[in-house]
Amino acid sequence: MDEIPRRTFCSFAAASAVLAAGCGSTVSTTDRRATSENGVVVTTRRELESAFDDLSSGDTVYISAENAPYRTTEWLDIDADDVSVTGPGVRTLVKPEDGANVGGFRVGHHRECRNIDIRGVGYHGNPAGQDASADRLHGIAVRDASDVTIADNRISGTHPRRHGDGGSGISVSRACTGVRIFANRISDYGDRGIQLGGSRHAVFGNTVMAGLDRPVSCDLWYPDGTNRTARGVSVFGNLLGDSFEGSLVGVA
């Protein structure tokens with residue numbers, strides 16, 4: 007029988023279940039489809055990119071598994087309030103096209119937004135088809151937002167694989183507050199699994215394995231030496247391990 011990697015860490019999952027109940031539990035594929043009947047259901051790459059280009063406050067986007075993977079040519083930006091994005095839990099639902107130096111989803115990249123929910127989405131990067139000079143092609147990047155839930159997603163293969171400006175699974179900047187990250191599965195990430203700036207975040211019930219640097223980092227570090235350290239963060243009930251550099255959980 008294979009041994010659990012020496013650096014694998016697991017804390018009490020029961021505690022995460024309690025907090026998950028307070029933040030909203032994950033939902034089944036059937037429930038996701040039902041809740042998206044009044045929103046936009048996308049079944050092609052063109053429909054997907056168009057839906058994010060035209061997002062308005064209150065929109066719901068359901069990304070169907072019908073034609074997955076969707077080979078995107080641009081970031082999928084959320085810059086409106088009260089937006090929900092859901093998927094069927096397919097591991098490779100979104101994957102950048104060859105030659106497209108983009109990551110997955112960006113929240114609040116062009117303007118501040120609030121009350122965003124991303125669930126059941128699978129993102130797989132494309133390191134072999136992206137330029138070596140590209141940087142920070144994260145799976146989900148939250149830049150300027152509050153009250154954000156990122157749950158039950160699968161993220162892997164983020165590009166590039168280097169520390170500081172590499173691709174992390176989930177990245178939350180210093181302008182963000184109230185981000186809840188739970189029940190996600192992140193693996194083979196290029197920098198950190200989950201990295202955090204800002205304040206009042208919760209990270210629990212995630213599985214983060216087999217990446218370059220820390221599975222969970224309560225800071226954002228840049229090659230110019232600037233560190234952005236998060237404040238008031240709760241990290242518990244995660245399964246973490248098999249990272250190449252750094253501690254399992256750390257603060258700069």
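Residue numbers for the sequence shown follow the numbering used here, so the first one is 7 and each next one is one higher.
Just so it is clear, CB atoms sit at the ideal spot from N, CA and C, and this is done for glycine as well.
All figures in this text were calculated on a predicted structure; none of them were measured in a lab.
Note on T155: 16 or more other CB atoms within 10 angstroms of its CB, so buried under the neighbour-count rule. Nearest neighbour of G173 by Cα position, chosen from D85, H165, G131, turns out to be H165. Under the three-state reduction of DSSP, D60 is assigned to coil, being neither helix nor strand.
If you draw a straight line from the Cα of I146 to the Cα of S162, it is about 11 Å long.
With contacts defined by Cβ atoms closer than 7 Å, D219 and G252 form a contacting pair. CA-to-CA, the gap between N244 and T50 works out to about 34 Å.
Closest by C-alpha distance to Y68, out of E80, T79, R77, V89, is V89. A straight-line Cα-Cα distance of about 30 Å links R160 and D230. In this structure, A189 lies near A157, with their beta-carbon atoms less than 7 Å apart.
Distance from R206 to T235 at the Cβ level is roughly 14 Å; contact not present, criterion being Cβ atoms closer than 8 Å. The DSSP-derived three-state label of G145 is coil. Separation of V239 and A151 (C-alpha to C-alpha, rounded to the nearest whole angstrom) is 16 Å. Contact annotation, G175 with Y228: C-beta distance approximately 18 Å; criterion of less than 8 Å not satisfied.
Going by C-alpha positions, T79 is about 15 Å away from H144. In the DSSP annotation of this structure, the continuous segment of the beta strand (DSSP E) that includes T213 starts and ends at 213-215.
For R198, the three-state secondary structure derived from DSSP is coil.
In this chain, the beta strand (DSSP E) harbouring H130 covers 128-130. F210 sits buried, since 16 or more C-beta atoms from the chains shown fall within 10 Å of its C-beta. Here G93 has I69, L99, G126, V127 as same chain residues with Cβ atoms under 6 Å from its own Cβ, once five neighbours each way along the sequence are excluded.
Within the same chain, Y68, S70 come within 7 Å of V47 by CB-CB distance, once the 5 residues on both sides are set aside. In the DSSP annotation of this structure, the continuous segment of the beta strand (DSSP E) that includes S162 starts and ends at 160-162. Residue range 233-235 is occupied by the beta strand (DSSP E) that includes R234.
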